[in-house]
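Protein chains: 2
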Amino acid sequence: MDLSIFLTYLAACGAAAATGAMFSPGEWYDGLKKPDWTPPRWVFPTAWTTLYLLSAVAAARLSAVEGNAQVMAFWAAQIAFNTLWSPVFFGLRKIKAALVPMAGLWLSVVLLTLWAFPLDIWSGLMLVPYVIWVSAAGALNLSVVRLNPGESG
Amino acid sequence: MDLSIFLTYLAACGAAAATGAMFSPGEWYDGLKKPDWTPPRWVFPTAWTTLYLLSAVAAARLSAVEGNAQVMAFWAAQIAFNTLWSPVFFGLRKIKAALVPMAGLWLSVVLLTLWAFPLDIWSGLMLVPYVIWVSAAGALNLSVVRLNPGESG
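Chains as they are written, first to last, in the working numbering: chain F, 1446 to 1598; chain W, 1446 to 1598.
This is how it looks when you write it as structure tokens:
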């Protein structure tokens, strides 16, 4: 694994993480109805930190594999959609419109993972928690929309 | 150029473009002092649309070239910083803090372009307008910070 390539992908994750930190849950979000299975708040930064690290390692590993053109494109797409989601949901409070970047994030992470497996099984495995997490995040976004019908800007 | 790879990179650009559209200049920004050389407002969406298209074409071309691992990582980093900037500047109105994603964007675009040239001269040339534009955007961000000392959150 090339360190400079890993650090470049980690910097991209840092940009996505910054939106999560700068556009974070507050009083408004606390006041919304959420499903019973919503994880406690401390889980989110812990989970994201882990997922960003794993995805940057996977990106650096996949970088070194032949036939990786499409998988690297999916990686770039997922980090852009990831960076977009928090500002739309927590910044603009457009919980319904946030389903669009969430769908883009989910799709690009799923395709990234599916494409990663045949290229490098370890990268594929490292991305599985990300698929699970964005699936849960998507379900949570959708539940919040359904439980708070008055909130859709 | 592979169409599916091009469209994936274009989708990443779409996420970045969405922050530009959703977090856009309004009354608050109009009220800020700006340098004389600030381009008229219509230039911005026109320029960004052109730059996104060119950068997606360059990404798809570079995807097909050997030894592209670092350059693709720079591409991923620049699109994440790009997506981050508008929400920080126009969303949070943190014009000083926005210099951080702007610096990340500038650096990743410059490195992307420098790395692109030896791999594919056409991709390098297609990225030159992006370097010029983010240099101007960085200078504009810095000028706005200096001209509006009361605005730094």
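Just so it is clear, CB atoms sit at the ideal spot from N, CA and C, and this is done for glycine as well.
Computed from a prediction, not measured in an experiment: that's the story for all the values here.
If residue i and residue j are in contact, beta carbons under 8 Å, what's the gap, nearest whole angstrom?
| i | j | result |
| --- | --- | --- |
| Gln1532 of chain F | Thr1464 of chain W | Here residue 1532 of chain F turns out to be Pro, not Gln, going by the sequence shown. Confirmed, about 6 Å. |
| Gln1523 of chain W | Trp1560 of chain W | The Cβ separation is near 12 Å, so there is no contact. |
| Ala1543 of chain W | Trp1551 of chain W | Not a contact, Cβ separation roughly 12 Å. |
| Ala1461 of chain F | Ala1525 of chain W | 6 Å |
| Ala1518 of chain W | Thr1453 of chain F | 4 Å |
| Ala1521 of chain F | Trp1520 of chain W | 6 Å |
| Leu1455 of chain W | Asn1513 of chain W | Going by Cβ atoms, the distance from Leu1455 of chain W to Asn1513 of chain W rounds to 18 Å, so no, they are not a contact pair. |
Counting contacts by CB-CB distance shorter than 7 Å, is residue i in contact with chain A?
| i | result |
| --- | --- |
| Thr1558 of chain F | Given the protein chain composition of this structure (F and W), no chain A is represented. |
Among the options, which one has its Cα closest to the Cα of residue i?
| i | options | result |
| --- | --- | --- |
| Val1589 of chain W | W:Tyr1474, W:Lys1479 and W:Gly1471 | W:Lys1479 |
| Ser1553 of chain W | W:Leu1455, W:Val1576 and W:Leu1570 | W:Val1576 |
| Gly1459 of chain W | W:Pro1490, W:Pro1546 and W:Glu1596 | W:Pro1490 |
| Thr1483 of chain W | W:Thr1495, W:Ala1584, W:Trp1567 and W:Gly1595 | W:Ala1584 |
| Trp1487 of chain F | F:Gly1512, F:Ser1469 and F:Val1579 | F:Ser1469 |
| Leu1587 of chain W | W:Met1547, W:Leu1570, W:Trp1578 and W:Met1467 | W:Met1547 |
| Val1579 of chain W | W:Leu1496, W:Gly1471, W:Ala1457 and W:Leu1570 | W:Leu1496 |
| Tyr1474 of chain W | W:Met1467, W:Ala1457 and W:Phe1534 | W:Phe1534 |
Apart from the five residues on each side of it in sequence, which residues of its chain come closer than 8 Å, Cβ to Cβ, to residue i?
| i | result |
| --- | --- |
| Leu1572 of chain W | Leu1499, Ser1500, Ala1503, Val1554, Leu1557, Thr1558 and Ala1561 |
| Met1446 of chain F | Val1502, Ala1505, Arg1506 and Ala1509 |
Under 6 Å Cβ to Cβ from residue i, same chain only, skipping five residues before and after it: list those, please.
| i | result |
| --- | --- |
| Gly1549 of chain F | Phe1526 |
| Ser1508 of chain F | Ile1450 |
Considering only residues of the same chain and omitting the five flanking positions on each side of residue i, which have a CB-CB separation below 7 Å?
| i | result |
| --- | --- |
| Trp1493 of chain F | Ala1462 and Gly1465 |
| Pro1485 of chain W | none |
| Leu1477 of chain W | Val1589, Asn1593 and Glu1596 |
| Leu1570 of chain W | none |
| Ala1457 of chain W | Ile1524 |
| Leu1448 of chain F | none |
| Asp1481 of chain W | none |
| Val1545 of chain W | none |
> Which parts of the segment 1446 to 1520 of chain F are runs of the alpha helix (DSSP H), unbroken and 4 residues or longer, counting only runs that do not cross its ends?
Replying inline: 1448 to 1467, 1472 to 1475 and 1488 to 1508
> Do the segment 1490 to 1508 of chain W and the segment 1532 to 1552 of chain W meet, that is, are 3 or more Cβ pairs less than 8 Å apart?
Replying inline: no
> Which parts of the segment 1541 to 1585 of chain F are runs of the alpha helix (DSSP H), unbroken and 4 residues or longer, counting only runs that do not cross its ends?
Replying inline: 1544 to 1564
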